[in-house]
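In the working numbering, the protein residues as written are 8 to 230.
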């Protein structure tokens, strides 16, 4: 009976570890802007992270976190934040549009919209009026069977700034062109992956703990 308890403990922790191992995320920096006052390729202005996640009753949702980084938060003015965010999909646009959920209050979802200079994006979430998100915009894609992170990291049709995976509009920062004009908002785009994380070390630690627990229980049983 004690031997069965040890086996159950090992199986339980191993299954939990397997669940952790299957979790994954990938992040991208948006380091390009459509205004000369915020130079391209010098600063990382936003970070986009797409991850496997649960949302409400859906254990297999896809989560987006779009975060404004220090080069912009350091010049934040009043009502500063993300005004819109565009991305693309390898799936049917209408299917993904219907599946976008969990947007902040006052935000809406749309399709086939231009992100000034960065081209036309299939899916665009935006805040109405001055409804902006600082520092992070979070939303989910829920209810699409079999979709994966890679379905939502594909390039736009392209614009004057080039072809990009993602683009975001940030508004409400301090004027970056005093005396010559007014630059208090800009669009940002980017492509390069930052990091891809599959937390195998954590799973391995759990697995090792399970083996240790099983061994301890076996020793007690032998005693």
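Here a beta-carbon is modelled for each residue, glycine too, at the ideal position from N, C-alpha and C.
Just so we're clear, the structure is a prediction, and the values are computed from it rather than from any experiment.
Beta strand (DSSP E) containing residue i: first to last residue?
{"i": "residue 75", "result": "65-75"}
{"i": "residue 179", "result": "173-180"}
{"i": "residue 145", "result": "143-148"}
{"i": "residue 196", "result": "192-197"}
Could you tell me how far apart the beta carbons of residue i and residue j are, in whole angstroms, since I believe they sit closer than 8 Å?
{"i": "residue 89", "j": "residue 73", "result": "6 Å"}
{"i": "residue 158", "j": "residue 110", "result": "That pair is no contact at about 19 Å."}
{"i": "residue 45", "j": "residue 183", "result": "7 Å"}
Quick check on DSSP: helix, strand or coil for residue i?
{"i": "residue 105", "result": "helix"}
{"i": "residue 53", "result": "strand"}
{"i": "residue 89", "result": "strand"}
{"i": "residue 110", "result": "coil"}
{"i": "residue 128", "result": "strand"}
{"i": "residue 158", "result": "helix"}
{"i": "residue 37", "result": "strand"}
{"i": "residue 46", "result": "coil"}
{"i": "residue 78", "result": "helix"}
{"i": "residue 29", "result": "Note that residue 29 scores a pLDDT of 46, beneath 50, so its modelled location is shaky and nothing firm can be said."}
{"i": "residue 61", "result": "strand"}
Of the choices the options, whose alpha-carbon is the least far from that of residue i?
{"i": "residue 35", "options": "188, 134, 156 and 67", "result": "156"}
{"i": "residue 3", "options": "43, 139 and 58", "result": "Examination of residue 3 is not possible in this model, given that the chain is present from 8 through 230 alone."}
{"i": "residue 191", "options": "116, 86 and 172", "result": "86"}
{"i": "residue 50", "options": "38, 59 and 60", "result": "38"}
{"i": "residue 68", "options": "178, 153, 173 and 161", "result": "153"}
{"i": "residue 165", "options": "91, 76, 129 and 149", "result": "129"}
{"i": "residue 64", "options": "108, 45, 195 and 143", "result": "108"}
{"i": "residue 70", "options": "47, 117, 115 and 150", "result": "150"}
{"i": "residue 145", "options": "172, 41, 105 and 112", "result": "112"}
{"i": "residue 148", "options": "122, 95 and 177", "result": "95"}
{"i": "residue 160", "options": "47, 45, 57 and 46", "result": "57"}
{"i": "residue 163", "options": "45, 126, 60 and 183", "result": "126"}
{"i": "residue 32", "options": "60, 136 and 184", "result": "60"}
{"i": "residue 138", "options": "118, 114, 100 and 131", "result": "114"}
{"i": "residue 178", "options": "116, 48, 170 and 189", "result": "189"}
{"i": "residue 119", "options": "170, 101 and 183", "result": "101"}
{"i": "residue 143", "options": "66, 79 and 40", "result": "79"}
Once the 5 residues before and after residue i are set aside, which same chain residues still bring their CB inside 6 Å of it?
{"i": "residue 167", "result": "124"}
{"i": "residue 122", "result": "93, 128, 174 and 194"}
Below 7 Å CB to CB, which residues in the same chain sit around residue i once its five sequence neighbours on both sides are set aside?
{"i": "residue 201", "result": "34, 35, 36 and 54"}
Output needed for residue i: all residues of its chain with C-beta closer than 8 Å, excluding positions within five of it in sequence on either side, in chain order.
{"i": "residue 181", "result": "82, 83, 84 and 191"}
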